[in-house]
Ligand code: FCB
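Residue numbers (my numbering): 243 to 684.
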């Protein structure tokens, strides 16, 4: 397996999942801070108050990245650190944290990729309706512009939103994520306004004409396959495929929502103003693909959505209950290329949670994660070999962290984190990845 010399080898994280000290130095509360402090929302009552204490340990964490041999790191900016109420007055101390982090990464020879929105909306903006309020698109673009001006000279890769589908579905439709809403109308609005926010931010980026910097969006994608060739199973698989894979990408690349979904949601379908699709379609430089698993779907009349996922006998499942299906990475990358053309792609997330525990020698042996990593890199390589313009791979995650509604119970890291002592340990998978990268870069 030989990847191109310029390939980026990274790991990814997100602000609320690792930083801790969410209100430090004048930061405003985010919806995740508020949500995790609402009883009954997060497994074991966990919060991001301390998380990996990365806010104080960022230098040590850059050292770990160096030991892993990473030449890239994807992280997100907490909007409410920089703009405590989401708009208006800038909190210089919050901005300085990210400036120091970026400078530290550059000194270590690590290319930063910034995600502007990884789910932690400033709480004050939620009080105005959050993403369901159309003005949120403008608030986001203003915040994005502030970040481009502050760090555009040093950060070559920018992603507007992380997984808008998850925000829409889990945040506004099913309620397991902040802001915890269950409202199909609000969900459709939130989805549309996130698209608009993305488009406006890309326009602001272009207006700044930042040399040598690129912008894209990060979406969660994966094959949605029928459990049998019965017409009902095929129908639900097509519906899920349109919902998960096309809902955000069709507007961005084709300027329209997929019909199947629009018909399915009927009266709740988003209201598209005349100029919206033109803004949403503003060309991007790359697409970020987060890939974890596939869904095998069967028709099920007793389910509100009319479908259920079918367990695959003999297949390995992660702690998240996600099937390990490496071929799906190849399949989805090929699909993106066939459907949307030769857009450069970064795999911005790919990883697995397994029950890791340090042994008496203080080592964490995680052979299943090594296998996962290897098998997915093979599929990435296969896609590259078959002509997909793949530019980099970011493992999720650099270190064990706050896994949203599951709190600290799911460990995805290359680094094991002892949440009592904040000690980090490199798992076998970290050692394996380090060796793999070293060979690629030699
Ligand atoms: C993705 C999220 C990321 C992490 C992984 C496991 O959906 O983008 O923050 O939680 O799943």
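Backbone N, C-alpha and C define an ideal beta-carbon position, used for all residues, glycine too. Just so it is clear, the structure is predicted and the values come from calculations on it, not from any experiment.
Neighbourhood of residue i by C-beta, 7 Å cutoff - its chain only, sequence neighbours within 5 removed
i	result
residue 562	595, 652
residue 617	568
residue 351	313
residue 560	566, 594, 595, 596
residue 243	619, 620, 623
Cβ neighbours of residue i in the same chain (closer than 6 Å, five flanking residues each side left out)
i	result
residue 400	356, 457
residue 335	267, 268
residue 429	410, 414, 415
residue 387	446
residue 404	357, 360, 460
residue 585	529
residue 255	317, 639, 640
Inter-residue spacing [alpha-carbon to alpha-carbon] between residue i and residue j
i	j	result
residue 507	residue 496	20 Å
residue 271	residue 463	30 Å
residue 633	residue 353	13 Å
residue 528	residue 251	16 Å
residue 304	residue 526	29 Å
residue 323	residue 521	28 Å
residue 628	residue 319	35 Å
residue 331	residue 292	26 Å
residue 564	residue 440	29 Å
residue 638	residue 502	32 Å
residue 317	residue 489	25 Å
residue 424	residue 418	9 Å
residue 664	residue 294	6 Å
residue 265	residue 364	11 Å
residue 478	residue 468	7 Å
residue 492	residue 307	36 Å
residue 483	residue 547	14 Å
residue 328	residue 545	38 Å
residue 393	residue 326	19 Å
Check whether residue i and residue j have beta carbons under 8 Å apart
i	j	result
residue 461	residue 531	yes
residue 372	residue 421	yes
residue 287	residue 262	no
residue 253	residue 315	yes
residue 333	residue 398	no
residue 624	residue 570	no
residue 557	residue 566	yes
residue 591	residue 648	no
residue 675	residue 667	no
residue 589	residue 578	no
8 Å CB neighbourhood of residue i in its chain, flanking five on each side removed
i	result
residue 346	300, 301, 304
Near the ligand NAD: residue i beta-carbon under 7 Å from a heavy atom
i	result
residue 416	This structure does not include the ligand NAD; its bound ligands are the ligand FCB.
Quiz item: Counting Cβ pairs, one atom from each stretch, are 3 or more of them under 8 Å apart for the segment 465 to 477 and the segment 541 to 550?
Solution: yes
Quiz item: Do the segment 375 to 387 and the segment 331 to 345 make contact, defined as three or more Cβ pairs closer than 8 Å?
Solution: no
Quiz item: Just checking, does the segment 601 to 617 make contact with the segment 276 to 287 on the three C-beta pairs under 8 Å criterion?
Solution: no
Exercise. Please determine if the segment 435 to 453 and the segment 382 to 391 are in contact, where contact requires at least 3 C-beta pairs separated by less than 8 Å.
Key: yes
Quiz item: If you scan the segment 431 to 499 from start to end, which runs of the alpha helix (DSSP H) of 4 or more residues do you find wholly inside it?
Solution: 473 to 482, 491 to 496
Self-check item: Whole runs of the beta strand (DSSP E) within the segment 540 to 604, excluding any shorter than 3 residues
Solution: 549 to 551, 587 to 591
Quiz item: Which ranges does the beta strand (DSSP E) cover as unbroken runs of at least 3 residues, wholly within the segment 303 to 342, from first to last along the chain?
Solution: 314 to 318
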